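See below for the structure under consideration.
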Amino acid sequence: MPQRRDLLKTVGIAATGLLAGCPSQGSSEPNTASADTEAATEQVTGAETDEGDESGVSVGPMTAVATEWNVYRARLYDAVALGRAGAPGAGAAVAQSVFARFEGASGEYGAHEQLEATSESAYEGFEDALGSVQSSLSEGDVSGAASAADKASGHLQTAQQAAAGQQATRVLDLLVLGSRASNAAMAGTLGAFEAAATIAEETMTAFEDALVYSKIETADAESYEAFENALAGIGSAAGSEDASGVTEQARAALDATVTGAYALVQQEAVAGAGHLATMQARGWDAAALASAGGPGQAYAHTVTLSSYRARIADADWLAANDAADAASTAVENVFAHFEGANAHDALEEADGEAYEAFEGGLEDLSSAIENGSADGIDSAVETVDTNLVTGIEALVGGEDARAALESAFFRARIADARELYRLGDADSAATIVSDVFARFEENELGFHETMEHESEDLYHRFEEEHLVALQSAYENDDSGAVATHHDGVQQALLDFEAALSTAVASGAEADYMIGRAFDAAGLAALSETDRAATVIQDTFAHFESGAAGFHEALEEADEEIYESFESTLSDVRAAAQDGGDVTSAATAFNDEAIAAAYAIAGSAGGNGEAATAIVQDVFATFEEARVHEMLEEADHDAYENFEAALSDYSQGLTNGDGDPTVLADATRTAQFAVVGAVDSAPSGSGGHGSEESEETETSLSGGPNVVEGVPDDADHVVDMEAVAYAPEELTVSVGDKVAWEHVGGEPHSVTAVADEIPSDATYWASGGFESESAAREGWENGEGAVQSGQSYVHTFETAGEHGYVCIPHEAAGMVGTVIVEE
1 MPQRRDLLKT VGIAATGLLA GCPSQGSSEP NTASADTEAA TEQVTGAETD
51 EGDESGVSVG PMTAVATEWN VYRARLYDAV ALGRAGAPGA GAAVAQSVFA
101 RFEGASGEYG AHEQLEATSE SAYEGFEDAL GSVQSSLSEG DVSGAASAAD
151 KASGHLQTAQ QAAAGQQATR VLDLLVLGSR ASNAAMAGTL GAFEAAATIA
201 EETMTAFEDA LVYSKIETAD AESYEAFENA LAGIGSAAGS EDASGVTEQA
251 RAALDATVTG AYALVQQEAV AGAGHLATMQ ARGWDAAALA SAGGPGQAYA
301 HTVTLSSYRA RIADADWLAA NDAADAASTA VENVFAHFEG ANAHDALEEA
351 DGEAYEAFEG GLEDLSSAIE NGSADGIDSA VETVDTNLVT GIEALVGGED
401 ARAALESAFF RARIADAREL YRLGDADSAA TIVSDVFARF EENELGFHET
451 MEHESEDLYH RFEEEHLVAL QSAYENDDSG AVATHHDGVQ QALLDFEAAL
501 STAVASGAEA DYMIGRAFDA AGLAALSETD RAATVIQDTF AHFESGAAGF
551 HEALEEADEE IYESFESTLS DVRAAAQDGG DVTSAATAFN DEAIAAAYAI
601 AGSAGGNGEA ATAIVQDVFA TFEEARVHEM LEEADHDAYE NFEAALSDYS
651 QGLTNGDGDP TVLADATRTA QFAVVGAVDS APSGSGGHGS EESEETETSL
701 SGGPNVVEGV PDDADHVVDM EAVAYAPEEL TVSVGDKVAW EHVGGEPHSV
751 TAVADEIPSD ATYWASGGFE SESAAREGWE NGEGAVQSGQ SYVHTFETAG
801 EHGYVCIPHE AAGMVGTVIV EE
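Pasting the structure below:
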């Protein structure tokens with residue numbers, strides 16, 4: 001087991017947070033360690049039993065500390081949840097980050113200082129058990145980690161009982177159970193449905209064994225039943241592999257525990273602060289989810305699909321060079337790999353039509369090769385490629401991811417052209433370059449626009465300086481120009497990939513190297529074994545030189561796969577040199593290259609959209625929660641800082657640079673504020689000491705197009721609810737008047753997004769601003785607000801789609817679209 005000093009050595013490395021919850025048992029039972037006796041004798045007066053008189057336990061700063069310990073309890077189990085979901089390494093890293101957060105929680109009412117002061121044995125027991133969570137997960141022992149998390153949580157629970165009393169601790173127990181249930185949504189998002197079901201089952205077991213079980217059944221039978229029903233719903237949805245259903249039921253389970261929390265205690269501030277702590281834990285959830293799936297397991301699926309594009313193109317040129325058997329083998333190998341690939345089910349679920357057409361195209365291609373039909377081959381290759389592109393678009397929405405895969409495909413095709421030129425077929429080489437140019441001009445997979453946006457210099461270097469010239473060089477059979485512009489095109493594409501995230505670039509380079517391995521197999525089939533060996537030698541050298549960060553990323557992500565990757569690549573060269581089966585060697589390498597893509601995707605971070613959705617859900621929940629008004633009345637600055645931190649964190653996750661600690665600090669201050677102890681909040685968490693912000697509804701103004709009530713001549717009315725426009729999408733005709741009526745929540749804005757309205761449309765927004773930047777600045781100054789009893793009115797004169805947002809609730813997902821038809 002690592003000692004405390006060992007953990008301190010490792011937590012200097014930046015680590016992300018955990019997910020709130022875990023499928024281990026017993027965490028809601030009091031710890032039976034010696035900490036019980038010590039804590040009881042040190043701190044508790046009149047709270048020795050769950051039924052005892054708690055008149056000596058008051059609500060104050062120690063209540064807030066107890067709620068902060070609840071965040072640690074939830075995060076402890078997050079590490080185990082990651083292990084359950086198949087990512088024990090990520091869980092171990094997260095345990096280190098918990099330790100780092102705890103070590104930094106100093107100050108009079110810091111979680112670290114107060115745990116040590118409340119109970120030395122609970123303090124030592126917590127740190128020791130946390131070390132065991134980390135070491136167990138590092139060794140892949142998820143059960144051991146679950147047991148250790150139970151012990152660590154028990155020590156914190158013991159301290160909570162001493163600091164805040166039995167009733168408050170039962171509230172916190174219930175909220176921890178809700179957080180644990182919410183982890184099922186994380187597992188579902190990662191595709192780990194068995195883990196999601198396990199989380200629900202073991203949360204139910206923990207609930208039944210907990211002291212709070214009978215308390216909540218008596219205090220709020222409706223919440224009790226809702227929680228149990230939601231847990232059952234998670235299991236059912238997980239059994240159907242329904243990710244959205246799992247998320248819906250997990251949210252219902254968490255909501256039930258929040259409602260029940262208020263029924264368990266007379267002082268609503270306890271439940272309110274506990275709810276805020278749960279929101280803080282959800283913020284850590286978002287950070288963990290953003291990192292747990294890499295740039296997305298879906299991206300790794302598309303790396304697989306994209307690799308087939310180059311391999312099918314190989315079959316085309318092999319058939320054209322009288323190597324029909326090798327061409328047929330290439331198609332058969334693609335089919336065989338796809339049937340066993342993770343990408344198989346992913347494509348079928350994402351786009352069933354593309355899946356069917358892809359497989360049908362492979363069958364047609366095999367038949368055309370067998371029959372020697374050149375036209376049939378061309379048609380089938382186009383069908384296969386078109387539907388692979390469609391599948392890639394269905395699986396990944398990120399512009400960078402799509403463009404990187406297109407770049408790798410272009411690199412593979414440009415390499416094919418060079419090999420054909422070496423074989424004396426300059427015309428076919430020129431045709432390939434022409435095809436690449438056409439795809440680029442058509443903006444296939446968004447590559448043209450993404451490259452131009454990334455770097456004008458790269459764009460001009462790739463297209464104008466080298467790609468156009470390369471086609472001419474092949475057409476003119478100018479070997480010197482071919483060498484110059486071939487290298488220029490390849491370097492421009494590689495530089496583009498290197499400008500993207502390492503994880504995305506690594507997937508692209510895995511594809512390129514797969515293409516080169518099968519190029520070697522094709523060359524060997526044409527008896528060009530020396531050239532085949534040279535191709536692999538050059539490919540290996542490219543990998544060793546860094547390959548846009550691929551080399552280092554793979555070595556860090558999974559050393560075993562890294563070694564297998566290099567070994568099998570060397571085997572391809574050896575097979576070419578020794579007259580062996582190069583195709584079989586390339587196939588083995590392909591397996592390792594695909595595994596490399598998954599390993600890097602899984603370790604590098606991703607699921608940004610799902611992570612952002614978590615924070616938006618927290619924002620939406622807060623807007624309608626009982627604690628919203630409690631916090632605003634308790635301390636307006638803490639309230640403002642909390643909402644601002646939510647908004648900034650949501651935007652940061654969207655941009656890939658969200659920092660959970662800022663939200664965590666702001667939430668911690670909010671927890672102290674709700675219990676009336678904001679001045680005791682640990683430093684570094686904003687709130688009371690920040691700039692004064694006295695904005696109220698009476699200080700806000702609407703502008704010339706914000707009116708009282710709803711005009712009688714309005715053609716359409718959109719309700720502005722707490723954090724949503726209803727309907728979110730509205731179709732109108734040119735000349736129609738639309739009124740946005742405030743029906744719930746805080747003041748709203750209706751602000752057109754400049755890039756999401758027709759180019760010839762006049763800019764519009766509540767407040768009458770002439771640009772989006774002016775509207776956003778105006779909101780900061782209290783202008784453009786639509787308040788209770790008011791509506792914003794606008795008449796649409798320009799056809800097209802008009803996207804708009806509510807500035808104060810944008811982070812909560814309050815967006816809308818008006819489609820204007822002629």
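Take the sequence shown: its letter number 718 is residue 718 in UniProt numbering, and every next letter is one higher.
Note that CB positions come from ideal geometry on N, CA and C, so glycine has one too.
All of these numbers come straight from a predicted model, not from anything done at the bench.
Excluding residues up to 5 positions away in sequence, A159, Q160, A163, A164, A168, T169, L172 lie with their Cβ nearer than 8 Å to the Cβ of A66 in the same chain. Taking a 10 Å sphere around the C-beta of N183, we find 16 or more other C-beta atoms and assign the residue as buried. Boundaries of the alpha helix (DSSP H) around M451: 447 to 454. If you draw a 10 Å sphere on the C-beta of A95, you find 16 or more other C-beta atoms in it, and that means buried. Between the segment 413 to 430 and the segment 462 to 481 there are three or more C-beta pairs closer than 8 Å, enough to call the two in contact. Taking C-beta separations shorter than 8 Å and ignoring five residues to either side along the sequence, the partners of N342 in its chain run Q297, A300, H301, T304, Y598, following chain order.
Under a 10 Å Cβ-count criterion, D400 is classified as buried, with 16 or more other Cβ atoms of the shown protein chains found around its own Cβ. By the neighbour-count criterion, in which a residue is buried when 16 or more other Cβ atoms sit within 10 angstroms of its Cβ, N387 is buried.
A Cβ-Cβ separation of about 4 Å places T751 in contact with A765 under the 8 Å criterion. A direct Cα-Cα distance of roughly 14 Å separates V246 from I614.
E475 has its alpha-carbon roughly 11 Å from the corresponding atom of A481. Nearest to D364 by alpha-carbon distance, out of E356, F496, A380, P758, is A380. Using a Cβ distance threshold of 9 Å, S428 and W317 count as a contacting pair. With a minimum length of 4 residues, the unbroken runs of alpha helix (DSSP H) contained wholly in the segment 442 to 514 fall at 447 to 454, 456 to 460, 468 to 475, 479 to 498. Taking E756 as the centre and dropping the five residues before and after it, the same chain places the C-beta of G803 closer than 6 Å to its C-beta, in chain order.
Taking the CA atoms as reference points, S647 sits about 10 Å from N641. The segment 338 to 354 and the segment 400 to 409 do not touch, with fewer than three beta-carbon pairs separated by less than 8 Å.
Contact annotation: the segment 782 to 797 touches the segment 702 to 714, with at least three C-beta pairs closer than 8 Å. In the DSSP assignment, no residue is bridged to G522.
Here A221 is exposed: its Cβ has fewer than 16 other Cβ atoms, across all protein chains shown, within 10 Å. For Q266, the three-state secondary structure derived from DSSP is coil. Annotated as distal: G676 and G272, with beta-carbon spacing of 9 Å or more.
DSSP lists A752, G816 as the beta-bridge partner residues of Y804. N371 sits exposed, since fewer than 16 C-beta atoms from the chains shown fall within 10 Å of its C-beta.
Under the three-state reduction of DSSP output, T661 falls in the helix class. Nearest C-alpha to T667 among D425, G702, H628: H628.
Nearest neighbour of D519 by Cα position, chosen from R309, V489, L174, A256, turns out to be R309. When DSSP states are grouped into helix, strand and coil, V675 belongs to the coil group. In this structure, P747 and V805 do not form a Cβ contact; the two beta carbons are roughly 14 Å apart against a cut-off of 8 Å. Secondary structure of W740 (DSSP, three-state): strand. Straight across, the Cα-Cα distance linking E728 with G816 is about 5 Å. Taking each of D150, S545, L174, G744 in turn and checking the Cα distance to Y213, the smallest one comes out for L174. Rounded to the nearest angstrom, the gap between the Cα atoms of A232 and E201 is 8 Å. Contact between the segment 253 to 260 and the segment 189 to 199 is absent, with fewer than three C-beta pairs closer than 8 Å.
Distances from the CA of T63 to each of A281, T583, S567, H275 were compared; the closest alpha carbon is that of H275. Here DSSP, grouped into helix, strand and coil, assigns Y792 to strand.
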